[in-house]
Amino acid sequence: MEKAIHRDFAAWLVKSKALCVRFDEPMSRHTTLGVGGPAEAFVVADTKKALAQLVQKAGKFGCPWQVLGKGSNVLVGDEGLSGLVIKLGKGFGRIRALPGNAVFAGASVRSTTLCRYAVKNNLDGFQVLAGIPGTVGGALWGNAGTSAGHMGQLVQQVLVMDSLGAEHKIESGQICWGYRSMALPQGPAQKPFIIIGAWLGFCPAKKGQSLEKEYSLILETRKKNQPAGSGLAGCFFKNPPGSLSAGALIDRAGLKGFGVGDAVVSSVHANFFVNRGNAKAADFIALMEKVAQKVRQHSGISLEPEVRVLL
Ligand code: EPU
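Shown next, in the form of structure tokens:
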């Protein structure tokens, strides 16, 4: 891994009381797949002020950075990552109730926490995120979704910080919500930006509607259809346009149980790849390539990764 952190910047990071910094931190500890080499520096920022100072300093020293949520939809390469990997800490992990069935949710709130909060407070609409691992920030970034819809449908406004440390509140209608993607409108907050929270609008549950029951049913179905436990990263490929899902295409190509090293196609749901214990990132990358190639040969369809590959 090429080093990108200047000596003076490293010294500033060490001295900063507002940040929690670990150098050469293995990303395998911060991704649900359990693979990935070291980040040159892994930094947790707990407040907006600390985060703004961090990106400003990084900019001054020309140091690249990227943001990690719960690490549930990423594949970090074995070589590790140059520069900073930024994680939003506890200060970004609150849900605030607002009038009119709305909430403000910080980016590091877990998706499951948000769903439970909604169920408890009779807020319908959470189903678009039910059963999806990760954080609200990650769900916004990748416009996560289920068969009930996608994250963007809940959003009123998104709060982002740009690479100069300035905050921007962006209306949902100005954001281009795509299938597993979102793009901000042209303006000051271009990539790289950090999603720090969002205002989300729910509907009151209808008379007689039990959100508790709906949630349990979704989780039960998910338990039946998808593998659970550690060493997973959700669906590896996006569903292609058309009638067959990526999982069905991989299954039809006869690839359940197919593997490279300890990276194996799940026998429960073919769009999930499992770390059987000692897989390397390279095994998952090779598995993705082989699976995509075999599906192409079998059905003529090209699969695109849903997992964010960071090399
Ligand atoms: N199928 C197979 N074989 C398999 C897997 C699926 O034939 O091995 C078939 C199923 O029988 C079903 C169809 O494929 O007819 C669709 O499967 P499923 O209902 O499991 O949905 P999916 O499209 O594979 C999507 C999301 C999931 C989300 C589920 C449930 C994508 C890429 N995946 O999966 O999201 O949990 O719907 O709502 O959009 C994720 O994005 O990481 C993720 C887990």
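Under the numbering used here, the first residue of the sequence shown carries the number 34, and numbering increases by one thereafter. Backbone N, C-alpha and C define an ideal beta-carbon position, used for all residues, glycine too.
Using a Cβ-Cβ cutoff of less than 7 Å, which residues in the same chain neighbour residue i once the five nearest sequence positions on both sides are dropped?
i: G294; result: A312, K313 and D316
i: F270; result: A279, N304, L336, E337, P338 and E339
i: C148; result: F159, L162, A163 and Y248
i: G178; result: V161 and M184
i: I38; result: E73, A74, C96 and G116
i: N155; result: P237, A238 and L244
i: N308; result: L66, G67, V68, G264, D295 and A296
Quick one: what's residue i bridged to in DSSP?
i: G116; result: None, per the DSSP bridge assignment.
i: A74; result: F56 and L117
i: M194; result: E200 and I227
i: D157; result: C236
i: S214; result: G211
i: P274; result: Its beta-bridge partners do not exist; DSSP assigns none.
i: N308; result: A296
i: L288; result: According to DSSP, which records beta bridges pairwise, L288 is partnered with nothing at all.
i: I128; result: A138
i: V169; result: None; V169 has no bridge partner.
i: H345; result: Outside the shown range of the chain, which is 34 to 344, sits residue 345, and nothing can be said about it.
Rounded to the nearest angstrom, what separates residue i and residue j at their Cα positions?
i: K48; j: E200; result: 25 Å
i: L197; j: V88; result: 6 Å
i: H63; j: K103; result: 7 Å
i: F291; j: E322; result: 12 Å
i: L288; j: L131; result: 48 Å
i: A78; j: K240; result: 42 Å
i: G122; j: V298; result: 33 Å
i: I228; j: K81; result: 11 Å
i: L46; j: V193; result: 23 Å
i: E35; j: K90; result: 19 Å
i: L52; j: R40; result: 17 Å
i: P225; j: Y212; result: 20 Å
i: C209; j: L233; result: 16 Å
i: A181; j: P218; result: 26 Å
i: I251; j: C268; result: 17 Å
Within the same chain, show all residues whose beta-carbon is closer than 8 Å to that of residue i, passing over the 5 residues directly before and after it, in chain order.
i: A281; result: A303
i: T65; result: K103, G104, S105, P166, S263, G264, L265 and A266
i: S205; result: G185, V188, Q189, Q190 and V191
i: E392; result: Outside the displayed range of the chain (34 to 344) lies residue 392, so it cannot be described from this structure.
i: L277; result: R285, S332 and I334
Can you list, in chain order, the residues of its chain with a C-beta nearer than 6 Å to that of residue i? Leave out the 5 residues immediately preceding and following it.
i: A85; result: G198
i: S61; result: G67, V68 and G69
i: D111; result: G70, K313, A314 and A315
Determine the contact status of residue i and residue j, defining contact as a CB-CB distance below 8 Å.
i: L173; j: L343; result: no
i: A135; j: V169; result: no
i: F125; j: S141; result: yes
i: V100; j: I119; result: yes
i: L320; j: A286; result: no
i: G19; j: S214; result: Given a span of 34 to 344 for the chain in the structure shown, any question on residue 19 remains unanswerable.
i: P260; j: V301; result: yes
I think residue i touches residue j, with their Cβ atoms under 8 Å apart; what is that distance to the nearest whole Å?
i: I203; j: A222; result: 7 Å
i: F235; j: A151; result: 6 Å
i: F94; j: F42; result: 4 Å
i: R341; j: V107; result: 5 Å
Chain C beta carbons: is any one of them nearer than 8 Å to that of residue i?
i: K313; result: This model lacks chain C altogether, as it is built from one protein chain only.
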